[in-house]
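S.K.: Dumping the structure here so I can ask a few things about it.
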Amino acid sequence: MSAADPSAATPTAATGSPTAAPPADYSGARPPPPRRPRRRWRRLLLVLLLLAVLFAIAAVWGNRPHVPQREPQAVHRSPQQLAQGLYLARAADCMACHDGVGGMGGAREGQPFAGGKPLPTPFGTLYGTNITPDPDHGIGRWTAEEFHAAVTRGTAPGGRQLYPAMPYASYHLMSREDSDLIYGYLMNIRPVAQPNTKPALPFPFNLRVLMFGWKALFLSSAPLPVGSQGQSPAWLRGQYLGNVMGHCAECHTPRGMFGQMQKDRWLQGGTLSLFTAPGITAEALAARGWTREGMAQFLQTGFSAHGSAFDEMHEVIANSTRYLTAEDMTALSTFLLGDNPPAPQPLPAAVSPDSGTGNSGGNSAGNGAGNGAGTLDAGRGHYMALCASCHGSEGLGRSLTMPPLKGNSTVRQADARNLVLAILVGLPKHPATQQGPTPLPGMPGFIQELTDGEVAALANYTRTTLGGQPADVTAAQVADLRSAAGKSGHKAAP
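Structure (structure tokens):
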């Protein structure tokens, strides 16, 4: 037994016999104090503070305007290269965002690529930037490498991150050769000393540093999805023209909560502004009666038996697709509908009054009367009074001057949003321009003249008799769209 063992027996003074040692009494002792994690919390707070400081520095650094500190670049190109660059700039529809205010008109008309065009988004308003060779406000000091990085990776000189309104989610597959040709063309146009307009974005969306995270989540080098099937040389060329250069999916694909394109719903339709860009998969186009020939005519002239181009699509045709060669036009149409296009579906028979799925609220008082024959009769009365003089009593329109409504692609859409909005706010006039799309006289909006119920009745009559769709537009839906038009500042066309 160890001498150090407190339980060992010890002899008594009287007998010398061993007795058990009394147990130790710790009752009067204080327990050891608990370890306080103050140092741990202090370290964590210091780390968080350091990260906040670094983020603030990165945010300020990322938002600063940056002009490369070098002499303006002298870029020399042959006439053939300049013509190629112009063609590619049109194919990429650079003018859609980088034109002066108002696109085809406005304060900066005649100053192409000078920027300033408002680009509304769910997160705030961006503005097209100046991409003329002006050395201080444009890209005059940029190198070809810097231009390629901005176009395909969304990174401007100095590491400044660009918002994905610059469609690098599509352009990232643009070839370096095409990027260099566009750069060479832009560097040889007239410079415009037009300052760029600062984006109107609330916090935290105004912090460009967040684009690092957006790119990590949503920017990939993987091939983009497609909306048709094919492997022919024409289809493959059209895939490059449609998915990459023309970036069709940027408008025609739904967006997620962070503004990313939903790749599992590629080309199935999207709403970036007031009007919806309809679905343009091969199946969706065939369901509305489209053919490759009709699509080629539409992209060339903005007018076909399926209807006319309006809203932003008219600008796309005016600034971009009408300039495509016949070969590229065929390629793009082939890509949209596929090597073996699905058969175009014929116009369904007029839907009976009882086929609607909802309560149209389409009586003249707008009080929710339902979809019966009386409601459609009221809609016919509005059509004959407001629409027939231009579109014809049977909706056949006029050749090259007034689009038909019978079989019209917009009228045949399952979603009546665009039809209702056209009735409410109308469509602007597009006058004739040299080699431009087919001029259209415009359509007045009836947002002040018709109640929600009356608009629903007119829309339902048009859908059922001219589009083979159910009479399912309700007065409540019209009211929502009327409110959306007001909030967007979209004024009714005269």
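With my numbering as the guide, the letters of the sequence shown map in order to residues 68 to 561.
Yeah, the Cβ is synthetic: ideal placement off N, Cα and C, and Gly gets one too.
Just so it is clear, the structure is predicted and the values come from calculations on it, not from any experiment.
1. Can you name the start and end residues of the alpha helix (DSSP H) that Y238 belongs to?
2. Is G423 helix, strand or coil by DSSP?
3. According to DSSP, simplified to helix, strand and coil, what is R275?
4. Under a Cβ-count criterion, where at least 16 other Cβ atoms within 10 Å of its own Cβ denotes burial, should K558 be classed as buried or exposed?
5. Could you spell out where the alpha helix (DSSP H) holding T532 opens and where it closes?
6. Would you kindly work out how many angstroms separate the C-alpha atoms of M171 and G225, rounded to a whole number?
7. Can you list, in chain order, the residues of its chain with a C-beta nearer than 6 Å to that of P371? Leave out the 5 residues immediately preceding and following it.
8. Got a sec, what are the start and stop residues for the beta strand (DSSP E) P408 sits in?
9. Please check the pair A158 and L517, which I expect to be a contact at CB under 8 Å, by giving their CB distance rounded to whole angstroms.
10. So, under 8 Å CB-CB, A141 and D203 are touching, yes? Tell me the CB distance rounded to an integer number of Å.
11. In the DSSP assignment, what residue or residues form a beta bridge with F370?
12. Buried or exposed for A410, please, with buried defined as at least 16 other CB atoms from any protein chain shown within 10 angstroms of its CB.
13. Whole angstroms is fine: what's the gap from F649's alpha carbon to Q228's?
14. What are the residues that DSSP puts in a beta bridge with T188?
15. Verify the CB distance criterion: does T188 have a CB-CB separation below 9 Å to chain D?
16. How about the segment 528-535 and the segment 389-409: do they share at least three Cβ pairs that are nearer than 8 Å?
17. Counting along the chain, where does the alpha helix (DSSP H) carrying V487 start and finish?
18. Could you say which of A546, Q298, K282, N263 lies nearest to T219 if we only look at CA atoms?
19. Using a 10 Å radius around the Cβ and a threshold of 16 neighbouring Cβ atoms, would you call S145 buried or exposed?
20. Please report how far the alpha carbon of G152 lies from the alpha carbon of G462, in whole angstroms.
21. Does the segment 302-318 come into contact with the segment 264-277, if we say contact requires no fewer than three beta-carbon pairs (one atom in each stretch) closer than 8 Å?
22. Excluding the five sequence neighbours on either side, which residues of its own chain have a C-beta within less than 8 Å of the C-beta of A376, listed in chain order?
23. Would you call the CB atoms of E317 and P234 closer than 9 Å?
24. Starting from A542, follow the alpha helix (DSSP H) in both directions and report where the run begins and ends.
25. What separation, rounded to the nearest whole angstrom, lies between the Cα atoms of S427 and G520?
26. Would you decide whether Q544 is buried or exposed? Buried here means 16 or more other CB atoms lie within 10 Å of its CB.
27. Give me the Cα-Cα distance between A452 and T338, rounded to the nearest whole angstrom.
28. Measuring CB atoms only, is the segment 352-359 touching the segment 399-416, in the sense that at least three cross pairs come out at less than 8 Å?
29. Per DSSP, which residues does A223 bridge with? Please list them.
30. Could you compute how far the alpha carbon of H143 sits from the alpha carbon of Y250?
31. Under the DSSP definition of a beta bridge, which residues are partnered with A267?
32. Look at the alpha carbon of S299 and the alpha carbon of P290, and state the distance between them as a whole number of angstroms.
33. Specify, as a first and last residue, the run of the alpha helix (DSSP H) that M162 falls within.
34. Would you report the Cα separation of T388 and M380, rounded to the nearest angstrom?
35. Considering only their Cβ atoms, is the gap separating M254 from F285 smaller than 9 Å?
36. Which value, in whole angstroms, describes the spacing of the CA atoms of Y154 and L111?
M.R.: For this structure:
1. Where Y238 is concerned, the enclosing alpha helix (DSSP H) starts and stops at 235-238.
2. Reliability of the predicted coordinates at G423 is poor, the pLDDT of 46 falling under 50, and no value is obtained from them.
3. coil
4. Classification for K558: exposed.
5. Its alpha helix (DSSP H) spans residues 519-533.
6. Confidence at M171 is low in this model, with a pLDDT of 36, below 50, so its placement is unreliable and the value that follows should be read with caution. Cα to Cα, M171 sits roughly 32 Å from G225.
7. Checking the displayed sequence, the identity of residue 371 turns out to be Ser instead of Pro. The residues are G361, Q364, F365.
8. It is not in any beta strand (DSSP E) - P408 carries neither H nor E in the DSSP assignment.
9. Wrong, their Cβ atoms sit about 41 Å apart, outside the cutoff.
10. Incorrect: roughly 16 Å between the Cβ atoms, too far for contact.
11. Answer by DSSP bridge pairing, in chain order: S375.
12. exposed
13. Residue 649 lies beyond the range of the chain shown here (68 to 561); nothing can be said about it.
14. G191
15. The displayed structure is made up of one protein chain only, and chain D is not part of it.
16. no
17. Per DSSP, V487 is one residue of the alpha helix (DSSP H) stretching across 484-492.
18. K282
19. exposed
20. Each residue's Cα considered, the two are about 43 Å apart.
21. In short, these stretches do not touch, since the Cβ pair count stays below three.
22. Result list for A376: F365, G369, F370, V383, I384, P504, in chain order.
23. yes
24. 542-555
25. Any reading at S427 must be qualified, since the residue scores a pLDDT of 42, below 50, and its modelled position is unreliable; no value is offered.
26. The residue is buried, with at least 16 neighbouring Cβ atoms inside 10 Å.
27. 31 Å
28. Yes, the segment 352-359 touches the segment 399-416.
29. R227
30. 11 Å
31. T192, per the DSSP bridge assignment.
32. 17 Å
33. From DSSP, the alpha helix (DSSP H) with M162 extends over 162-165.
34. 10 Å
35. no
36. 57 Å
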